[in-house]
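*Asks:*
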Amino acid sequence: MDLETAKRFFNEHTEMLAVATSSVIVGAFIWYQTSDTYEADWVQACKDPTNGNMEQWLQDHPGMVSYAEDFEFGAFSGMVCRQTQLYYQLNEYNASAIAMMLSATTSMPLLMAMLLEAGRGDAGGALKMPLIFWILSQEFGLAVVFPLLWLPLYCAYKGEPKSAINPLRVYASLPLVLPQLVLTILIFYLNPGSSGWSNCVGLLAGPIFSGCSMLLSLIGDPSTEETKEKKEIATTSRRLMALMYGAAGLLSVATWLWLLFFMIIPAFGWSSIQGVCDELWTNAPTKLSYKSLELLALWFSGLVYIGVQSGSPQAVIEAMSISAVFGPGAGLCSALAGVAVSEDMEAIEEAKRREQDKKSKKKGKKE
């Protein structure tokens, strides 16, 4: 690549380079800040196998709690164990439920985006392999992986926003990410340390949740050729995306209202903003403050993705406004649903213009 070509490339991609760079900085910052989430004793103890004797393992490692060892194998060895210790400790603080459930609702549209963008026929690179990002997210956290890895790759290899996605993939996107929200709620509802509670953590932190994304590999991507059938698929997929994001938004609103009326207001009163901030950040123990920081990073990353996807600050402002009233997850989902609707309307208008141009050309030839 000569100097002139490099300059032209830089000028054409300045915005994407700026987004990718800022995203990497955010992801690296979160990784650095939360790198000691898992205590050294946990990490060391979780390296030792139980050999099928959990009671003996607990005696050998005082202070640890039993975990669902059946969900650990291969790359997930130690992961379920560490996550179990973390969730058990977080359960000691009532405010943890607020941070983790809001993080779960905020994660839903981001996980859906990973699945959906991988299904665009004109997307490329590692963007086509959401399983890798899901596994990394379970180990390092989505608040690290999404801005540090996925968003920069999205800027580099993303497909056209109006391009087609197999409708089956769109249908599957919400059911595949929904267990994350359900399991998170159960983890803070069930009795910590019980077998049901341990199994919920095992399902969330183990290979089953992330492995489900492999099912989408059975669904083929639409052809990159411009055909009438592909245009119809693109129209269907855009409308289904709006529907799926809208449904995820409703679930986020329901979770937000439940937290607001059954946890936040009873604990902190109607003037609850300062009290919640104190519990989640100012007076929060270290691990809970980490989760609050990750929640902010998830929300910020979602806003950046919306900005890149829509190409308009209006969608970002809409997401921020709705987030202030109905929670961060609802804000992101609503804006992404709106982006899908806008893209569909633009595609319809573009098709009408093409049809009018064809009619004008035919009329000109006749004259």
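According to the working numbering, the stretch in the sequence shown is residues 225 to 591, in order. Built from N, CA and C at the ideal position, the CB exists for glycine as well.
#1: Which residue comes first and which comes last in the alpha helix (DSSP H) that contains isoleucine 546?
#2: When the Cα atoms are used, what is the spatial distance from phenylalanine 364 to glycine 535?
#3: Among Gly435, Phe486, Val304 and Val532, which has the Cα closest to the Cα of alanine 380?
#4: Within the chosen definition, does the segment 476-493 reach the segment 542-560 through at least 3 CB pairs nearer than 8 Å?
#5: In its own chain, which residues sit with a C-beta less than 7 Å from the C-beta of leucine 407, not counting the 5 before and 5 after it?
#6: Of the residues Gly345, Ser476 and Ala367, which one's Cα is nearest the Cα of tyrosine 256?
#7: Does the beta-carbon distance from lysine 454 to alanine 388 come in below 7 Å?
#8: Counting only runs that start and end within the segment 371-425, where is the beta strand (DSSP E) found for 3 or more residues in a row?
#9: Can you tell which of Phe370, Glu503 and Leu484 has the C-alpha that lies nearest to the C-alpha of methionine 332?
#10: Using the Cα positions of glycine 302 and cysteine 270, report the straight-line distance between them to the nearest angstrom.
#11: Going by alpha carbons, who is nearest to threonine 459 out of Leu410, Tyr529 and Val394?
#12: If we count the other Cβ atoms within 10 Å of its Cβ and call it buried at 16 or more, is aspartate 346 buried or exposed?
#13: Rounded to whole angstroms, how far is the Cβ of valine 304 from the Cβ of alanine 466, which I believe are closer than 8 Å?
#14: For alanine 543 and phenylalanine 524, what's the separation of their Cα atoms in angstroms?
#15: So, is tyrosine 413 buried or exposed, given that buried needs 16 or more other C-beta atoms within 10 angstroms?
#16: Count the C-beta pairs between the segment 511-519 and the segment 315-330 that are closer than 8 Å, then say yes if the count reaches three, no if not.
#17: How long is the line joining the alpha carbons of phenylalanine 295 and aspartate 284, rounded to whole angstroms?
#18: Do glutamine 309 and tryptophan 281 have their CB atoms nearer than 7 Å?
#19: Hey, would you say leucine 351 sits closer than 7 Å to alanine 342, going by beta carbons?
#20: Cα separation between alanine 264 and tyrosine 529?
#21: Distance check for isoleucine 546 and cysteine 557, CA to CA, integer angstroms please.
#22: How long is the line joining the alpha carbons of leucine 241 and glycine 251, rounded to whole angstroms?
#23: Around the C-beta of phenylalanine 486, are 16 or more other C-beta atoms found within 10 angstroms, so that it is buried, or is it exposed?
#24: Thinking C-alpha only, which one of Ala319, Gly287, Ala244 and Val289 is nearest lysine 511?
#25: Extract the residue ranges of the alpha helix (DSSP H) inside the segment 226-311, only unbroken runs of 4 or more that lie entirely within it.
#26: Return the CA-CA distance between phenylalanine 297 and glutamine 538, expressed in angstroms with no decimal places.
#27: Return the CA-CA distance between glutamine 268 and serine 327, expressed in angstroms with no decimal places.
#28: Look at the Cβ atom of leucine 377, then the Cβ atom of glycine 349, and state whether they are nearer than 7 Å.
*Replies:* With the given structure in hand:
#1: First-last of the alpha helix (DSSP H) with isoleucine 546: 537-550.
#2: Those two C-alpha atoms are separated by around 29 Å.
#3: For the options Gly435, Phe486, Val304 and Val532, the alpha carbon positioned closest to that of alanine 380 is the one of Val532.
#4: Below 8 Å, enough C-beta pairs join the segment 476-493 and the segment 542-560 to call them touching: three or more.
#5: Scanning its chain for C-beta atoms nearer than 7 Å, with the 5 sequence neighbours on each side dropped, one finds around leucine 407 the residues Cys424, Leu427 and Leu428, in chain order.
#6: Nearest in C-alpha terms to tyrosine 256, of all of Gly345, Ser476 and Ala367, is Ala367.
#7: Result yes, Cβ atoms of lysine 454 and alanine 388 sit closer than 7 Å.
#8: Complete beta strand (DSSP E) runs here, min 3: none at all.
#9: Closest by alpha carbon: Phe370.
#10: Cα to Cα, the separation comes out at about 5 Å.
#11: Comparing alpha carbon positions, the residue from Leu410, Tyr529 and Val394 closest to threonine 459 is Val394.
#12: By the 10 Å Cβ count, aspartate 346 comes out exposed.
#13: Rounded to whole angstroms, the Cβ separation of valine 304 and alanine 466 is 36 Å, and the two are not in contact under 8 Å.
#14: Take the alpha-carbon of alanine 543 and the one of phenylalanine 524: they are about 11 Å apart.
#15: Tyrosine 413 is exposed by the Cβ-count criterion.
#16: Yes: the two stretches touch, three or more of their Cβ pairs being nearer than 8 Å.
#17: Roughly 21 Å between the two C-alpha positions.
#18: With a cutoff of 7 Å on beta-carbon distance, glutamine 309 and tryptophan 281 are scored as not near each other.
#19: Yes, the pair counts as a contact, with Cβ atoms nearer than the cut-off.
#20: Spanning the two alpha carbons is a distance of roughly 35 Å.
#21: So the alpha carbons of these two residues sit roughly 10 Å apart.
#22: For leucine 241 and glycine 251, the distance between alpha carbons rounds to 15 Å.
#23: Answer is exposed; the Cβ neighbour count stays below 16.
#24: Nearest in C-alpha terms to lysine 511, of all of Ala319, Gly287, Ala244 and Val289, is Ala319.
#25: Listed in chain order, they are 227-236, 238-257, 264-271 and 278-284.
#26: Cα to Cα, phenylalanine 297 sits roughly 46 Å from glutamine 538.
#27: If I take the Cα positions, the gap works out to 28 Å.
#28: Closer than 7 Å, so yes.
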